[in-house]
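Residue numbers (the working numbering): 34 to 171. Heads up, the beta-carbon is just placed ideally off N, CA and C, and yes, glycines get one too.
Put into structure tokens, the structure is as follows:
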């Protein structure tokens, strides 16, 4: 498969921009529409675009680990964010916990943010695992 120099160059610049945008959407979903699912899809799209332009092997070199390892990590983070109210305060599962003092840029941090981070990792892991598996078999 041949790709143009324009696509290769654009994908190298778009990858970090899309990843930063996916983090923005992840954090924005804390208060407004967005969150872990949409942010994870945007991050996956960034890596898929890079793999179309530069090849699957070069994209895999960018990743620290196989995307399949993000699945149990994300599930654990999401589950623990729901379990924290039960374990710490004897509240029902998935009760929202919020910090009293806001953090710069993030605002008031709560258990919903950690749940969204887990969803972000799961969506990113599932999407990239599926696409990479399809690309390897083709």
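- When the beta-carbon positions are compared, residue 96 and residue 80 come within less than 9 Å of each other.
- Taking every protein chain shown into account, the CB of residue 148 has 16 or more other CB atoms within 10 angstroms, so this residue is buried.
- With the rule of 3 Cβ pairs closer than 8 Å, the region 110-126 does not count as touching the region 35-53.
- If you check the CB distance, residue 165 and residue 100 come in under 9 Å.
- Residue 59 and residue 139 do not touch by the CB rule: their CB atoms are close to 11 Å apart, not below 8 Å.
- For residue 143, the secondary structure class from DSSP, reduced to helix, strand or coil, is strand.
- In the DSSP assignment, residue 49 falls within the unbroken alpha helix (DSSP H) covering 38-61.
- Per DSSP, the continuous alpha helix (DSSP H) segment holding residue 84 begins and ends at 69-87.
- The beta carbon of residue 135 sits closer than 6 Å to those of 141, all from its chain and outside the five residues before and after it, given in chain order.
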